[in-house]
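Protein sequence lines, in the order shown, are assigned to chains A and B. Numbers 1179 to 1619, taken from this note's numbering, label the letters of the first sequence in order. Numbers 91 to 335, taken from this note's numbering, label the letters of the second sequence in order. A quick write-up on the structure given underneath.
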Amino acid sequence: MKRTLTLLLFFLLATTFLSAQDWIHTGTGLGVEKIRLAAPDFKQVTPGTETQNLAMTFNVTFQNDLASAGIFEMVSRSFWPLSVPGAPQEVVLNEWGSPPPNASMLAFGNIAVQDANINVQGWLYDTKNSQSPQVLGKQYREQATDANARLIAHRFADEIIFRLGGGVPGIAESKIYFVSHRSGAKEIWEMDYDGANQKQLTHLDSIALSPHVSPDNSRVAFSGVTKEGWQILMYSLELNRLVTFPRFSGDNYSPAWSADGQNLAFSSSRTGNTEIYTVSAAGGNLKRLTEGRHPDVSPTWNPKTNAQIAWVSGRTGLPQIYTMASDGTNVVRMTDQGYAVSPSWSPNGQFLAFAWVRHYGPGAPGASDIYVMDIASKQWVQLTHDGGRNDFPSWSPDGRHIVFQSNRTGKLQIWTMLADGSEPRQLTTQGENSQPNWSFK
Amino acid sequence: MKITRSQWTRVAVALAVVLTVSACKKKTAPAPPPPPPPPAPAPTASLTANPNSITAGQSTTLIWRTDFATDVSIDGIGKVDPSGSRTVTPAESTTYHLVARNDTGTQEATARVTVTQPTPPPPPPNNETEAQLFASNVQDVFFEYDSYDITQQYQQVLQRDAQFLQQHPNIQFTIEGHCDERGSTEYNLALGDNRANATKQALVSLGISANRMRTISYGKEKPFCTQSTESCWAQNRRGHFVYQR
């Protein structure tokens, strides 16, 4: 009897553990507990609609930056005390540190418009330290525009995130590059990490795919159909036009930068079958890494070491994910079944995010979901579960977020989520949008 | 005035004297009739054409020589001098026939002129017709799911395609590799390249020169149909031929 009970308990625990594995509950802050942060609206200290509008832009952007950072538990608006402080002397600390707000940290400040400039003063206070609560005190002045209200919000939010998030810089000023079909042809577009300021970069009027921005944010490499087939093309963000890059015979696509900006990896069919090549950032020193009749495509570099590449190979039939050294040696297979594509290597070098249809076959296409795999152990977790088609994950520079494409709304759009699969947010709505790439910084 | 008898007499005598004197120049005895000349030898004849090989439109010179002939003619020209030359411009290969005659006999001579037709100029590329011909004769090949192998069925299609291409050696074309909508954008580009390349290699081994064809992959970017059905997916998994020139 006792033995049966023990066995039953064992089975219960085992099944609980197994199902928990499919939904990851930690992994975002890498073990750091979420900090309870209150960020009420900054006080508008000059009258008029101009200040009002700029303040609104600032507040919405600032609060969103903090809420989506992945390391805070935000105190909801309904718990804010009635009087909102605009300066240190207005703060009643224990109002914020006790229930209902129960905040550990308080971010507050004021906004003024003077002489065509927007001035923002901001503070970060530790509510439990009434002696010397100030953690941060900052001042910003920029020309009074909506774009600058947004910029200041990003900057102050990043300061707070850096300070409270274990020294990892915030991503509020990072960009996402993607493919949009909304102009009638697939072109490369850019947007802020939160989906604001979406703008068209290329005007190829052909087919442009697979954008990857350089680590120094100077150029976007992508692939486009030209008179000489698919070529790796370079768009200069400084000059706002294409700049030269060598052309190769055959079709050339899926470019990826090494994190030190020295090299690119890409796939080329210049010998007839697709293989992975590396080339210097200037386009010289071409080296072939793979061989064989089967497709080889979608390389991604280990950004921590720049000495490894993960990619997709059809050498056993359906595509699987592999890693190899950046000279092509030491090939290791990572996925064991199904249809696995679109690997993206995490900034800390430990994980691969990719798209996987675990059970694949003709006639039953199945759902494609985003997975994260620990490279050392090959243990994986499934991040999306919506039964649709999710693909092209790309890690944020802080390693806490993943941007990806999803057709869950009926049309292909760009979404972000935390690296544990929680808090999905839709970034695009117009036309069809795909293949997002998060900047290195 | 009446001519007197004596005058008559004097004239007659004078006449007689003149006659007699002239008739009597040679005081030799009348010679025997000359023997009949020996019969003439049979004629000889030769006829050459220089040059003896021309292309249509060019000229050649007929040169002939005969001996002892009293009548020489060349077919198609008519009576000619016993020896001579004549420029002719035959439109096609001709054997010139000379006949030389005399009382004794006849001699013939021939000279053959070979006329080669020039290579007809290539017909101006009537592109529309040629493109239409191409489209109806060169059929696409289709692939199994996730595959870039040419199946038996499409090997035969390619054989017929190759036949047409061999009959029209000036035609150049592109092979596009396509995939169905399932699967990922980048992997489908690579799979499309493998399909285009497999098609190209199959044609090369059927004798079509590699430099007549270009390949490109369109992955799933340019589908032929957009329904999410088995039959539409099968339509899109293909090597598609496009006439270039």
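No residue lacks a Cβ here, since even glycine has one placed at the ideal position from N, Cα and C.
Chain-ordered chain A contacts of residue i [CB-CB under 8 Å]
{"i": "I298 (chain B)", "result": "None at all; the shortest Cβ gap to chain A is about 15 Å."}
is_contact[residue i, chain B] using C-beta, thresh 8 Å
{"i": "Q1613 (chain A)", "result": "yes"}
{"i": "I1289 (chain A)", "result": "no"}
{"i": "N1568 (chain A)", "result": "no"}
{"i": "N1451 (chain A)", "result": "yes"}
{"i": "S1445 (chain A)", "result": "yes"}
{"i": "Q1222 (chain A)", "result": "no"}
Neighbour-count burial assignment, residue i, 16 or more Cβ in a 10 Å radius
{"i": "C114 (chain B)", "result": "In this prediction, C114 (chain B) scores a pLDDT of 48, lower than 50, which makes its location untrustworthy; the coordinate-derived value is nonetheless stated afterwards. Under this definition C114 (chain B) is an exposed residue."}
{"i": "I167 (chain B)", "result": "exposed"}
{"i": "R1255 (chain A)", "result": "exposed"}
{"i": "Q243 (chain B)", "result": "exposed"}
{"i": "K1377 (chain A)", "result": "exposed"}
{"i": "T319 (chain B)", "result": "exposed"}
{"i": "V421 (chain B)", "result": "In the structure as shown, chain B starts at 91 and stops at 335, and residue 421 (chain B) therefore has no counterpart that could be examined."}
{"i": "V1457 (chain A)", "result": "buried"}
{"i": "V1559 (chain A)", "result": "buried"}
{"i": "D1438 (chain A)", "result": "exposed"}
{"i": "V1421 (chain A)", "result": "exposed"}
{"i": "C269 (chain B)", "result": "buried"}
{"i": "G1207 (chain A)", "result": "Confidence at G1207 (chain A) is low in this model, with a pLDDT of 45, below 50, so its placement is unreliable and the value that follows should be read with caution. Per the 10 Å Cβ criterion, buried."}
{"i": "V1490 (chain A)", "result": "buried"}
{"i": "P1460 (chain A)", "result": "Checking the displayed sequence, the identity of residue 1460 (chain A) turns out to be Ala instead of Pro. Classification for A1460 (chain A): exposed."}
{"i": "F314 (chain B)", "result": "exposed"}
{"i": "R1419 (chain A)", "result": "exposed"}
{"i": "T206 (chain B)", "result": "exposed"}
{"i": "Q1583 (chain A)", "result": "buried"}
{"i": "A1325 (chain A)", "result": "exposed"}
Beta carbon proximity, residue i to chain A, threshold 8 Å
{"i": "D251 (chain B)", "result": "no"}
{"i": "T319 (chain B)", "result": "no"}
Cβ shell of residue i (< 7 Å), same chain only, five flanking positions each side left out
{"i": "L1329 (chain A)", "result": "E1320"}
Same chain, Cβ closer than 6 Å to residue i, five either side skipped, listed in chain order
{"i": "K290 (chain B)", "result": "I265, M303, T305"}
{"i": "P1279 (chain A)", "result": "A1216, V1253, F1257"}
{"i": "A201 (chain B)", "result": "L137, T138, A139, Y186"}
{"i": "T1204 (chain A)", "result": "In this predicted model, T1204 (chain A) has a pLDDT of only 38, less than 50, meaning its place in the structure is not dependable enough to derive any value."}
{"i": "V1291 (chain A)", "result": "T1224, E1228, T1229, A1322"}
{"i": "R1603 (chain A)", "result": "T1594"}
{"i": "N1383 (chain A)", "result": "With the sequence shown as reference, residue 1383 (chain A) is identified as Asp, and Asn is not the correct amino acid for it. A1363."}
{"i": "P1473 (chain A)", "result": "T1452, G1492"}
{"i": "D283 (chain B)", "result": "G267, S307"}
{"i": "V1581 (chain A)", "result": "I1354, S1572, T1594, P1614, W1616"}
{"i": "P1277 (chain A)", "result": "none"}
Contacts around residue i, its chain only, beta-carbon distance under 8 Å, and the 5 residues preceding and following it disregarded
{"i": "K1619 (chain A)", "result": "P1347, S1352, P1393, N1395, P1575"}
{"i": "N1297 (chain A)", "result": "I1289, A1290, V1291, Q1317, Y1318, R1319"}
{"i": "T1606 (chain A)", "result": "F1356, S1358, M1369, G1373, Q1376, Q1591, I1592"}
{"i": "A288 (chain B)", "result": "Y238, D239, I240, G329"}
{"i": "G1588 (chain A)", "result": "none"}
{"i": "A1294 (chain A)", "result": "Q1321, A1322"}
Under 7 Å by beta carbon: chain B residues contacting residue i
{"i": "T1562 (chain A)", "result": "Neighbours of T1562 (chain A) on chain B: none; closest Cβ ~15 Å, over 7 Å."}
{"i": "P1473 (chain A)", "result": "Y277, A280, L281, N284"}
{"i": "I1385 (chain A)", "result": "E311"}
{"i": "G1407 (chain A)", "result": "I306"}
Practice item. Below 9 Å between beta carbons is the criterion; list the residues of the stretch 1387-1401 of chain A that meet it against any residue of chain B, in chain order. Key: L1387, S1388, S1401
Check your understanding: Using a Cβ cut-off of 9 Å, which residues of the stretch 283-314 of chain B contact any Cβ in chain A, in chain order?
Key -> D283, N284, A286, N287, A288, K290, Q291, R304, T305, I306, S307, Y308, G309, E311, K312
Practice item. Pull out every residue of the stretch 208-240 of chain B whose Cβ sits closer than 7 Å to any Cβ of chain A, in chain order. Key: Y235, D236
Review point. Any residues in the stretch 1593-1609 of chain A with a beta carbon nearer than 8 Å to a beta carbon of chain B? Which ones, in chain order?
Key: none
Check your understanding: Which residues, in order along the stretch 265-285 of chain B, keep a beta-carbon less than 8 Å from a beta-carbon of chain A?
Key -> R272, G273, S274, T275, E276, Y277, L279, A280, L281, D283, N284
Check your understanding: Residues in the stretch 1475-1502 of chain A with C-beta within 8 Å of chain B's C-beta atoms, listed in sequence order?
Key -> V1475, S1476, V1490, G1492, G1495, L1496, P1497
Check your understanding: Closer than 7 Å, Cβ to any Cβ of chain B: which residues of the stretch 1570-1589 of chain A, in chain order?
Key -> none
Exercise for review: Residues of the stretch 1299-1326 of chain A with a CB closer than 7 Å to any CB of chain B: list them in chain order, please.
Suggested key: none
Check your understanding: In the stretch 1417-1432 of chain A, which residues sit with their C-beta less than 9 Å from some C-beta in chain B, listed in chain order?
Key -> G1428, D1429, Y1431, S1432
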